[in-house]
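Visitor: Numbering (this note's numbering), first residue to last: 0 to 412.
Note that the Cβ used here is the ideal one computed from N, Cα and C, for glycine as well.
Computed from a predicted model, the values in this text were never measured in an experiment.
1) Please name the residue, chosen from 37, 287, 29, that lies closest to residue 16 on a Cα-to-Cα basis.
2) Going by the beta-carbon positions, is the gap between residue 296 and residue 124 smaller than 8 Å?
3) Quick check on the DSSP output: the alpha helix (DSSP H) that includes residue 267 runs from which residue to which?
4) Candidates 273, 335, 147: which alpha carbon is nearest residue 321's?
5) What are the boundary residues of the alpha helix (DSSP H) that includes residue 29?
6) Do the stretch 355-365 and the stretch 276-287 make contact, defined as three or more Cβ pairs closer than 8 Å?
7) Report back the beta-carbon spacing between residue 119 and residue 381 to the nearest angstrom; my notes put them in contact at under 8 Å.
8) For residue 329 versus residue 153, is the C-beta distance shorter than 8 Å?
9) Can you find the residues in the same chain that come closer than 7 Å, C-beta to C-beta, to residue 407, ignoring five residues on each side of it along the sequence?
10) Over the uninterrupted alpha helix (DSSP H) stretch that includes residue 156, give me the two end residues.
11) Along the chain, where does the alpha helix (DSSP H) containing residue 309 start, and where does it finish?
12) Measure the Cβ-Cβ separation of residue 102 and residue 335 and say whether it is below 8 Å.
13) Between residue 193 and residue 205, is the Cβ-Cβ spacing less than 8 Å?
14) How many angstroms separate the CA atom of residue 267 from the CA atom of residue 74?
15) What number of angstroms, rounded off, separates the C-alpha of residue 27 from the C-alpha of residue 57?
16) Are the beta-carbon atoms of residue 241 and residue 255 separated by less than 8 Å?
17) Rounded to whole angstroms, what is the Cα-Cα separation between residue 325 and residue 367?
18) Suppose the cutoff is 6 Å on Cβ atoms and the five residues either side in sequence are ignored; what does the same chain contact list for residue 269 look like?
19) For residue 32 and residue 20, I'd like the C-alpha separation in whole angstroms.
20) What separation, rounded to the nearest whole angstrom, lies between the Cα atoms of residue 88 and residue 369?
21) Whose CA, out of 5, 302, 281, lies closest to the CA of residue 42?
22) Mind checking whether residue 374 and residue 99 have CB atoms under 8 Å apart?
23) Could you check the C-alpha separation between residue 392 and residue 383 for me, to the nearest Å?
24) Taking DSSP as the reference, what is the three-state secondary structure of residue 407?
25) Have a look at 346, 387, 343, 327 and flag the residue whose alpha-carbon is nearest the alpha-carbon of residue 376.
26) Does the separation of the CB atoms of residue 69 and residue 276 fall below 8 Å?
27) Distance, Cα to Cα, residue 150 vs residue 128?
28) According to the neighbour-count rule (16 or more other Cβ atoms, all chains shown, within 10 Å of its Cβ), is residue 424 buried or exposed?
29) Per DSSP, what kind of secondary structure is residue 76 in: helix, strand or coil?
30) Output needed for residue 341: all residues of its chain with C-beta closer than 6 Å, excluding positions within five of it in sequence on either side, in chain order.
31) Since residue 349 contacts residue 116 with CB under 8 Å, what's their CB separation in whole angstroms?
32) Classify residue 201 as buried or exposed, calling it buried when 16 or more other Cβ atoms lie within 10 Å of its own Cβ.
33) Take the Cβ of residue 23 as the centre, count every other Cβ of all protein chains shown within 10 Å, and call the residue buried at 16 or more, exposed below.
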């Protein structure tokens, strides 16, 4: 059979399977990400039906998927929003990084994987899934809750931190020396600062240049500009994803809204391809040996995310129930954890890292919606039980005086 024919059959079957899996996940009101990862495991090396002809195209599609994910993320924020969030909520961002990145780094070092793998796993455990959490908030009807701005501010700070984290990670994965890595970081920070400055002062002019009443032209200009900037960013070892994120920030107003609507289907398509590609590069047989560390890491970092949300909501003056809801909502990890792990897998860093990240994300993608629903009621019940137990103990220690009898009354008289 001709290679192009095999490619069309394989790729068509993958897209069809992803569509059916997405519909199935929608009926269960779950994120489709774990099903996409499982599909990649099934079609990859060691899976049920390994691919051949379409694997190279899927690799390119996966890279485009990462770029579109970060572009769409940037389109959701304006430069002024990012600056104001950074000023108002940076303590919460620091607590978030300390509580959730350090456990991943510590586990990598305990397993003897080395400092580069530690930086990778720190990112995997640090970044929550913005897309999944936004969906959870909408499904639970919490978009208008008082704690929701706190949750969103933490997500914004995590997303903004990617502009610093990804260049560092890219330099480490490329084996660049300390001096060259420092230059790369300076370039990335300088580019981010320049884009923020231009977006704040000249955002309308930039958007006017890109703007078009014709959806086709708008799509081509935005997509072409994003791929061009991403390629240039990668050429100077900054990271294509950071370049795409900065393009999204630079666009604002009606242009950003129009581009978001046009690019959303492409993002969904190529993001699904990316998750499949990550699964393709993970041997299913390599997951059982790392399942216990993944479970332990997932349980621990679920608690640290709950603590992060609780602390941030408390700092914002939110009532206890809202604090618990904020913490439970932040537990889910997803697309960006896989993006970070995917960079390491492509670079050939530590073979067990990919399987561990896959198992970790699968666990927290499934647990995330449950913790968002159940953390607050469970905490409330436990608090009531503690109060009842404390009241019972106090009553036993200091019993109430017995009522006086007639004899006692007469004697006192």
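Guide: Working from what's here:
1) Looking at the Cα atoms, 37 is the closest of the given residues.
2) Using a Cβ distance threshold of 8 Å, residue 296 and residue 124 count as a contacting pair.
3) 252-279 is the span of the alpha helix (DSSP H), which, as asked, contains residue 267.
4) For residue 321, the closest of 273, 335, 147 by C-alpha to C-alpha distance is 147.
5) Unbroken run through residue 29: none, as it is neither H nor E.
6) Yes, the stretch 355-365 touches the stretch 276-287.
7) Their Cβ separation, rounded to whole angstroms, is 36 Å, which puts residue 119 and residue 381 out of contact at 8 Å.
8) A contact, by the Cβ cut-off of 8 Å.
9) Caution applies to residue 407, whose pLDDT of 39 falls short of 50 and renders its modelled position unreliable; the value that the coordinates give is listed next. Setting aside the 5 residues that flank it on each side, residue 407 has no residue in the same chain whose C-beta is closer than 7 Å to its C-beta.
10) Looking at the DSSP string, the run of the alpha helix (DSSP H) that includes residue 156 is 147-172.
11) First-last of the alpha helix (DSSP H) with residue 309: 290-314.
12) Result no, Cβ atoms of residue 102 and residue 335 do not sit closer than 8 Å.
13) Cβ atoms of residue 193 and residue 205: not closer than 8 Å.
14) It is roughly 15 Å from the alpha-carbon of residue 267 to the alpha-carbon of residue 74.
15) So the alpha carbons of these two residues sit roughly 27 Å apart.
16) No.
17) Approximately 12 Å between the Cα atoms of the pair.
18) Apart from the 5 residues on each side of it in sequence, residue 269 sits with its Cβ closer than 6 Å to the Cβ of 60, 63, 64, 67 in its chain, given in chain order.
19) In this model, residue 32 and residue 20 are separated by some 10 Å (Cα to Cα).
20) Pairing residue 88 with residue 369, the inter-Cα distance amounts to about 26 Å.
21) Measuring from the Cα of residue 42, the nearest candidate turns out to be 281.
22) In this structure, residue 99 does not lie closer than 8 Å to residue 374 by Cβ.
23) Inter-residue distance for residue 392 and residue 383 is about 14 Å (C-alpha atoms, whole angstroms).
24) Legend: pLDDT at residue 407 = 39, less than 50; position of this residue unreliable, no value from coordinates given.
25) It is 327 whose Cα lies nearest to the Cα of residue 376.
26) For the 8 Å CB-CB criterion, residue 69 and residue 276 do not form a contact.
27) Approximately 12 Å, taken between the alpha carbons.
28) The chain is shown only over 0 to 412; residue 424 falls outside these bounds and no answer can be derived.
29) In the three-state scheme derived from DSSP, where H, G and I count as helix and E and B as strand, residue 76 is classed as coil.
30) Residues 277 of the same chain have their beta carbon placed closer than 6 Å to that of residue 341, with the five preceding and five following residues left out of the count.
31) With a Cβ gap of about 4 Å, residue 349 and residue 116 count as contacting.
32) Residue 201 is exposed by the Cβ-count criterion.
33) It counts as exposed.
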